[in-house]
Amino acid sequence: MPARQATRKPAGTRLTITPPADFDLARDVCSYGYFILAPNHWSVADQTLTRVLHLSDGPATCVIAQPKDKLSIRFDRALSPAERNEAKKQTSRMLRLNEGESHSKAFHTVDKRWRNPGRARLFRSPTLFEDVIKTVTSCNVAWPSTVNMNTQLCRHIGVGGAFPTAQKMARTRLGTLRGRCRVGYRDQRMIDLAKLFAKGQIDEPWLKSPKTPDDDLFKFLVSLPGIGPYAAGNIMQLLGRYSRLAIDTETVRHGKAVLGMTGTDRQITKKLEAHYEPFGDFKFKSYWFELWDFYESKRGPAHLWDREGVGKTFTAAQLQ
DNA sequence: GGTAGACCTGGACGC
DNA sequence: GCGTCCAGGTCTACC
Numbered sequence: 180m181p182a183r184q185a186t187r188k189p190a191g192t193r194l195t196i197t198p199p200a201d202f203d204l205a206r207d208v209c210s211y212g213y214f215i216l217a218p219n220h221w222s223v224a225d226q227t228l229t230r231v232l233h234l235s236d237g238p239a240t241c242v243i244a245q246p247k248d249k250l251s252i253r254f255d256r257a258l259s260p261a262e263r264n265e266a267k268k269q270t271s272r273m274l275r276l277n278e279g280e281s282h283s284k285a286f287h288t289v290d291k292r293w294r295n296p297g298r299a300r301l302f303r304s305p306t307l308f309e310d311v312i313k314t315v316t317s318c319n320v321a322w323p324s325t326v327n328m329n330t331q332l333c334r335h336i337g338v339g340g341a342f343p344t345a346q347k348m349a350r351t352r353l354g355t356l357r358g359r360c361r362v363g364y365r366d367q368r369m370i371d372l373a374k375l376f377a378k379g380q381i382d383e384p385w386l387k388s389p390k391t392p393d394d395d396l397f398k399f400l401v402s403l404p405g406i407g408p409y410a411a412g413n414i415m416q417l418l419g420r421y422s423r424l425a426i427d428t429e430t431v432r433h434g435k436a437v438l439g440m441t442g443t444d445r446q447i448t449k450k451l452e453a454h455y456e457p458f459g460d461f462k463f464k465s466y467w468f469e470l471w472d473f474y475e476s477k478r479g480p481a482h483l484w485d486r487e488g489v490g491k492t493f494t495a496a497q498l499q
């Protein structure tokens, strides 16, 4: 009988990243609703973010922790040198590590309310495509449906539990998106968007360039299928442009309930634009942290939210 | 340029 | 358990 060989699983890769000095994983991940959406999973017990990243050799699950001042990213498999670079880029985008301390200070100079809690970063996705599709899943729908759509997209279209790539979604049948992923009439729009990304017809360097004027960016975004004024404003903040609000019913509700505004929705929209005007290039951040502060005043700190409970019912409509 | 109605889904509600 | 109503942003047709 041959000697039994020890079967040791190859060690997964572990990356270490030095974030900006004011970065706080729990606060900065749990700062925007996308941290609740699949494939993201925030562990309240461990205070870590787990998700599948789509890398060139296939999906890889990573666990991001911040034991001290460094970020530790542990993968479930070994990554090639090229994949390590991809993983670092995607993680940096997701956590907005490109927004350093100077960016935070500039924001806090304009809006001092968030200096002490240190709020300055908004969580986003590893890729622009995921951010755009997530934005579409948040339009004209209650939050629990947005949660479900993203869960089903990862389950039925994403490889290995990852968020679907543009290439994969572009090849997906309408019936799969509608029947299995429950995206409803958004099916055709999502496939059209995926095709634009897959064919390279979305000029990402132009979208990301600081030289591109905000107005040009907005005009381009609203020309995309499924993207209207709200979605375009939201995608702008996801691109790092905070000079516009993304006004939806939640914004109007905030204007009424928290800021004490009165009038028709249209009048309140104008009042909101005027209210946030003093925050200039940081309008969206000032608005968003006000809204987030309201949620946390009702439900406690976001990094302690129960995923199945609060995470699915955290809109202001259900908090009033 | 402004407005009305359709588009889907899922939750709330009444029976 | 079933049927009805409603919320939610975008798109299209129409004025």
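Each position in the first sequence, counted from 1, maps to that position plus 179 in this note's numbering.
Idealized CB from N, CA, C, for every residue including glycine.
Sub-8 angstroms separation of residue i and residue j beta-carbons
| i | j | result |
| --- | --- | --- |
| M415 | L438 | no |
| M348 | M328 | no |
| Y455 | D427 | no |
| F302 | S210 | yes |
| F308 | F376 | yes |
| L232 | L204 | no |
| Y421 | K387 | no |
| L417 | D248 | no |
| I252 | A261 | no |
Beta-carbon proximity list for residue i, same chain, < 7 angstroms, skipping 5 on both sides
| i | result |
| --- | --- |
| T227 | V242, I243 and A244 |
| E383 | L307 |
| D460 | Y421 and S422 |
| G340 | P218, V231, P238 and C333 |
| S222 | T229 |
| V289 | F458, G459 and F461 |
| K268 | none |
| S259 | D236 |
For residue i: DSSP bridge partner residues
| i | result |
| --- | --- |
| G237 | L234 |
| V242 | T229 and R253 |
| S222 | T227 |
| I196 | L250 |
Nonlocal neighbours in the same chain, by C-beta distance under 6 angstroms from residue i, ignoring five residues either side
| i | result |
| --- | --- |
| D207 | R300 |
| D444 | V431 |
| F254 | G191, T192, A239 and C241 |
| T325 | T316 and S317 |
| M180 | For M180, the predicted structure reports a pLDDT of 49, less than 50, and the residue's modelled location is therefore unreliable. The matter cannot be settled from this model. |
| L276 | P198 |
| A345 | F308, A373, F376 and A377 |
| I196 | L250 |
| K450 | M440 |
Through-space distance from residue j to residue i, alpha-carbon basis
| i | j | result |
| --- | --- | --- |
| A217 | K374 | 22 angstroms |
| S281 | R292 | 17 angstroms |
| P305 | A239 | 13 angstroms |
| V338 | L274 | 23 angstroms |
| R359 | C333 | 11 angstroms |
| G212 | P343 | 19 angstroms |
| H482 | G297 | 15 angstroms |
| Q331 | T316 | 11 angstroms |
| D201 | W467 | 19 angstroms |
| V170 | Y364 | In the structure as shown, the chain begins at 180 and stops at 499. Residue 170 is therefore absent and cannot be evaluated. |
| Q499 | P457 | Here Q499 scores only 47 on pLDDT, less than 50, and its place in the model should not be relied on; the value that follows carries that caveat. Approximately 28 angstroms between the Cα atoms of the pair. |
| A182 | R263 | Annotation note: pLDDT 49 at A182 (below 50); position unreliable, no value reported. |
| W385 | D394 | 13 angstroms |
| D225 | G419 | 29 angstroms |
| S271 | S283 | 16 angstroms |
| L403 | R350 | 19 angstroms |
| H335 | L356 | 9 angstroms |
| P480 | G488 | 14 angstroms |
Residues of its chain near residue i, where Cβ-Cβ distance is below 8 angstroms and the 5 sequence neighbours each way are ignored
| i | result |
| --- | --- |
| K154 | Shown here, the chain extends from 180 to 499; a query on residue 154 therefore has no answer. |
| G412 | F397, R423, L424, A425, I426 and F463 |
| A495 | Any reading at A495 must be qualified, since the residue scores a pLDDT of 42, below 50, and its modelled position is unreliable; the value itself is stated next. Excluding residues within five positions, the ones whose Cβ falls inside 8 angstroms are E429, R432, H433, A436, L470, F473 and Y474. |
| H220 | L228, T229, R230 and R486 |
| G405 | V315, C318, R365, R368, M369, D371 and L372 |
| A257 | P189, A190, G191 and T192 |
| R361 | S324, N327, M328 and Q331 |
| E278 | P199, A299, R300 and G419 |
| R294 | H287 |
Environment of residue i [buried if 16+ CB atoms lie within 10 Å]
| i | result |
| --- | --- |
| K477 | exposed |
| P198 | buried |
| E452 | exposed |
| S235 | exposed |
| Q380 | exposed |
| K313 | buried |
| L353 | exposed |
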